[in-house]
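Student: For reference, the structure I am asking about is given below.
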Amino acid sequence: MALIELQGITKYYEMGSQVVKALDGIDIEVAKNDYLAFIGSSGSGKSTMLNILGCLDKPTEGMYHLNGKNVEVMDPNELSEIRNQEIGFIFQSFNLLPRANALANVMQPLIYRNIGLRQRKEMAMQALERVKLGDRVDHLPNQLSGGQRQRVAIARALVTNPSILLADEPTGNLDSRTTIEIMQLFDELHGEGHTLIIVTHEDEIAQHCHRVVEMKDGTIFNDSTVSSGSAKLTA
Amino acid sequence: MLFALFESSRSALASIYAHGLRSFLTTLGIVIGVASVIAVVSVTEGMSSFIGDTFASLGTNSLTIQSYTPFEDQMKGIRARLTPEDLELIERRVEGIASITPLLAASRSSQIKYGSQTAFSQIMGTTYAYQDVSQSYTQVGRFLAQSDNLTRRRIAVIGEKVRENLSLPENPVNEYVEIGGEWFKIVGMLEERGDIMGMMSLDDIVLVPYATMVSLQGNQTRTDIQIQLSLSESAEVEDVSQQLTILLRNAHNLRSDEDDDFRIQTAEQLMEELDQIISMVTIVVGGIVSISLLVGGIGIMNIMLVSVTERTREIGICKAIGAKRHHILMQFLIEALLLSLLGGILGLGIGFGLGTLISNAIPGFPSASIPLWSIALALGFSGFVGVLFGILPAAKAANLDPIDALRYE
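In order, the protein sequence lines correspond to chains V and D.
If you're matching positions, the first sequence starts at 1 in my numbering and goes up one per residue.
If you're matching positions, the second sequence starts at 1001 in my numbering and goes up one per residue.
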């Protein structure tokens, strides 16, 4: 059975008297250890797609199975729990807590799992070492470079050992050299068996993934496997 | 739940500490409110325990009888009186009295002169029995004697305060003072008795023989005396006051539907009345102060609302990584609670300092003391204010939509 299964997902917004169809009938399956990119221009519905996949938002209609659970019927508190258990978010603007240091940021999601302080620290240290930031644990986000911040965010996503890593334009705020670093990290995580879904508008990033889903006007326009595997990124 | 409580307290404290100055200013209303409550309570509390001590030393076995005219009758020009005849009647008929003395206040003028010095004092005519009734004795010279009364001698016994006011010598005996145009020789000075709450001096008193005072008054038909008496050891206060009531009602020809035209007061009653006044003051001031706590609470709510707006994005992040509604609610609620509790503790310290300062600044004032209940009340109330005014901002934070919150700039 697929890790993610979407059937007939629609998302309508009412803007005054007009109804905007952000998603208009999406059917897709994502298997475990997939390395997938959603691509499309702005307004194509890929942000809405990310919100639905990340359980931040509920579809207007349709069915969403995540790791065997029916997500579309859940209330906000259950969705919070699903996000905590199943999803690791990586955002374009990092979204770290500004007044907490790297370690505290990575420990934060574990608080919502009622894990004690000592074990939280241990798990967070492991995650930070995994992203090679073991020596920066007591730095505040504004004392870190963009690439380091994104690695803290990735550590925070990894620490809960989620089913999927969901990245929203993860390299959008980074220079090309750091972009390569982060994409290499993604490759490694994929190699370790993680399932990665990246939402991007950059072709280069998308081509790096193993499967590219192109969106247009709220529908899936093209779903293709990249035959050559990971394309090389150049600085 | 306990875990979440603990984690929320930790992050609330971090947040309060991160905005040190702002947190202090926010809670200033609570600080001032609690400080004033504690200052007032500690001062009045010290006062009432002092009053208790004072009256206990006055003795609980003495009674004072005064005439009493209701206000309505006063307007009609009617005045109730206690007369020397009443005194005689009581002396003869009431059982259980150890000593009894009349007291007649000077009605014309309470001015007293010595050389070029003039002072006002409580001038009263009384007898040798006053000494036993009020437990006041002379430190130099002698007290009024029975013979002084019979011969209407112009002599006076004064209190320490009067000596001071008139700049009389250390030993004022045999000096002459002028009262109501007549010369009086000082024969004795009373032991110092201190004052009540630094205001009413018990030593500002001039005693002259009762008969002398009567003759000075002129119009005898309007004489209205006070009667002070002390009870013999076996007598009951209740029993004696009942005897007195029956006797005086008969003597004054009161019908059964008429009210007493006199009042019998015991030292205990007086103490209770004073206590009542003090607790009234405490309640009124407490009421005013609780309004300031309310205002302080609104200040906290205001800043918490600002803080929620400021931290909207943080709230969004926390929700995205799995915070449930109650995690966010608890964090902001506890932050408001801690903010106002810390204010309460600070106010407690300042209030006690203020109370101590006040009671030390006024000489003769009893020292301040804080009862436990006022500490509990102050902290309880400030905590309550914190929760009450923290609910709205906390609920606002908890109900934020994660997508909107994440997008908030």
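Every residue, glycine too, gets a C-beta built ideally from N, C-alpha and C.
For clarity, every value in this text was computed on a predicted model and none was experimentally measured.
So residue 195(V) packs on residue 32(V), CB below 8 Å; how close in whole Å?
Tutor: About 6 Å; that satisfies the 8 Å criterion.
Student: Could you check where the beta strand (DSSP E) with residue 1255(D) kicks off and where it finishes?
Tutor: That residue, residue 1255(D), is in no beta strand (DSSP E); it is neither H nor E in DSSP.
Student: Compare the C-alpha of residue 1241(D) against each of 1075(D), 1095(D) and 1388(D) and name the closest.
Tutor: Here the closest residue by C-alpha is 1095(D).
Student: Out of 30(V), 128(V), 54(V) and 119(V), which has the shortest C-alpha to C-alpha gap to residue 299(V)?
Tutor: Limits of chain V in this structure are 1 at one end and 235 at the other, which puts residue 299(V) out of reach.
Student: Alpha carbon to alpha carbon, how far is residue 1387(D) from residue 1103(D)? Give it in angstroms, no decimals.
Tutor: Approximately 60 Å between the Cα atoms of the pair.
Student: If we cut at 9 Å on Cβ distances, does residue 114(V) have a partner in chain D?
Tutor: For residue 114(V), the answer is yes, since a Cβ of chain D falls inside 9 Å of its Cβ.
Student: Within 9 Å of any Cβ in chain V, is that where the Cβ of residue 1395(D) sits?
Tutor: For residue 1395(D), the answer is no, since every Cβ of chain V falls outside 9 Å of its Cβ.
Student: Considering only the alpha carbon of each residue, which of 1162(D), 1181(D), 1180(D) and 1157(D) lies closest to residue 1174(D)?
Tutor: Closest by alpha carbon: 1157(D).
Student: Pick helix, strand or coil for residue 1143(D), following the three-state DSSP scheme.
Tutor: In the structure shown, residue 1143(D) sits in coil (DSSP, three-state: anything other than H, G, I, E or B).
Student: Classify residue 273(V) as buried or exposed, calling it buried when 16 or more other Cβ atoms lie within 10 Å of its own Cβ.
Tutor: Only positions 1 to 235 of chain V appear in this structure, which leaves residue 273(V) out of reach.
Student: Between which residues of its own chain and residue 1235(D) is the CB-CB distance below 6 Å, once the five residues before and five after are set aside?
Tutor: The answer, listed in chain order, is 1096.
Student: Could you please give the first and the last residue of the uninterrupted alpha helix (DSSP H) stretch that includes residue 143(V)?
Tutor: Run containing residue 143(V): none; DSSP gives neither H nor E here.
Student: State buried or exposed for residue 1306(D), treating a residue as buried only when at least 16 other CB atoms are found within 10 Å of its CB.
Tutor: Exposed, by the Cβ-count rule.
Student: Residue 1323(D) versus chain V: which residues are under 7 Å apart at the beta carbon?
Tutor: Under the 7 Å cutoff, chain V gives 80 and 112.
Student: Starting from residue 223(V) and walking both ways along the beta strand (DSSP E), at which residues does that stretch end?
Tutor: Per DSSP, residue 223(V) belongs to the beta strand (DSSP E) from 219-225.
Student: What separation, rounded to the nearest whole angstrom, lies between the Cα atoms of residue 184(V) and residue 1017(D)?
Tutor: Cα to Cα, the separation comes out at about 40 Å.
Student: Is there contact between the stretch 1297-1316 of chain D and the stretch 1385-1399 of chain D, where contact requires at least three CB pairs shorter than 8 Å?
Tutor: Yes, the stretch 1297-1316 of chain D touches the stretch 1385-1399 of chain D.
Student: For residue 1012(D) and chain V, any beta-carbon pair shorter than 9 Å?
Tutor: Residue 1012(D) does not count as touching chain V.
Student: Looking at the unbroken beta strand (DSSP E) that takes in residue 1120(D), where does it start and where does it end?
Tutor: Here the beta strand (DSSP E) through residue 1120(D) covers 1117-1120.
Student: Residues in its own chain within less than 6 Å of residue 131(V) by CB, not counting five upstream and five downstream?
Tutor: Counting only Cβ-Cβ distances below 6 Å, and skipping sequence neighbours, we find 151, 154 and 155.
Student: Can you check DSSP and say which residues form a bridge with residue 1213(D)?
Tutor: For residue 1213(D), which the question treats as bridged, DSSP gives no partner whatsoever.
Student: Could you check whether the stretch 1178-1190 of chain D touches the stretch 1137-1156 of chain D, counting it as contact only if at least three pairs of C-beta atoms, one from each stretch, sit closer than 8 Å?
Tutor: Yes, the stretch 1178-1190 of chain D touches the stretch 1137-1156 of chain D.
Student: Tell me the DSSP secondary structure of residue 18(V) in three-state form.
Tutor: Strand, per DSSP.
Student: Which residues, in chain order, does the stretch 1396-1409 of chain D contribute to contact with chain V at a C-beta distance below 8 Å?
Tutor: Listed by position, the residues of the stretch 1396-1409 of chain D near chain V (Cβ gap below 8 Å) are 1402, 1403 and 1406.
Student: Over the uninterrupted beta strand (DSSP E) stretch that includes residue 1188(D), give me the two end residues.
Tutor: 1182-1190 is the span of the beta strand (DSSP E), which, as asked, contains residue 1188(D).
Student: Is the stretch 1372-1386 of chain D in contact with the stretch 1323-1341 of chain D, if contact means three or more CB pairs nearer than 8 Å?
Tutor: Yes: the two stretches touch, three or more of their Cβ pairs being nearer than 8 Å.
Student: By the DSSP assignment, the beta strand (DSSP E) with residue 61(V) in it spans what residues?
Tutor: Run containing residue 61(V): 61-66, per the beta strand (DSSP E) assignment.
Student: Once DSSP output is grouped into helix, strand and coil, what is the label at residue 1105(D)?
Tutor: In this structure, residue 1105(D) counts as strand in the three-state DSSP scheme.
Student: Given that a residue counts as buried once 16 or more other Cβ atoms are within 10 Å of its Cβ, and exposed if not, what is residue 1256(D)?
Tutor: Under this definition residue 1256(D) is an exposed residue.
Student: Measure the alpha-carbon distance for residue 1204(D) versus residue 1133(D) and round it to whole angstroms.
Tutor: Rounded to whole angstroms, residue 1204(D) to residue 1133(D) spans 18 Å at the Cα level.
Student: For residue 73(V), which three-state DSSP category applies?
Tutor: Coil at residue 73(V), not helix or strand.
Student: Measuring alpha carbon to alpha carbon, tell me which of 56(V), 148(V), 36(V) and 61(V) ends up nearest residue 23(V).
Tutor: Residue 23(V) has its Cα closest to that of 61(V), out of 56(V), 148(V), 36(V) and 61(V).
Student: Run through the stretch 121-202 of chain V for me and flag every whole beta strand (DSSP E) of 3 or more residues, listed as ranges in chain order.
Tutor: DSSP runs (the beta strand (DSSP E)) wholly in the stretch 121-202 of chain V: 164-168 and 195-200.
Student: Give the straight-line distance between the Cα atoms of residue 1009(D) and residue 207(V), rounded to the nearest whole angstrom.
Tutor: Using only the alpha carbons, I get a separation of about 47 Å.
Student: Please classify residue 1378(D) as buried or exposed, where buried requires at least 16 neighbouring CB atoms within 10 angstroms.
Tutor: Counting Cβ neighbours within 10 Å, residue 1378(D) comes out buried, since at least 16 surround it.
Student: Just mark residue 118(V) as buried or exposed, buried being the case when its beta carbon has 16 or more other beta carbons within 10 Å.
Tutor: Answer is exposed; the Cβ neighbour count stays below 16.
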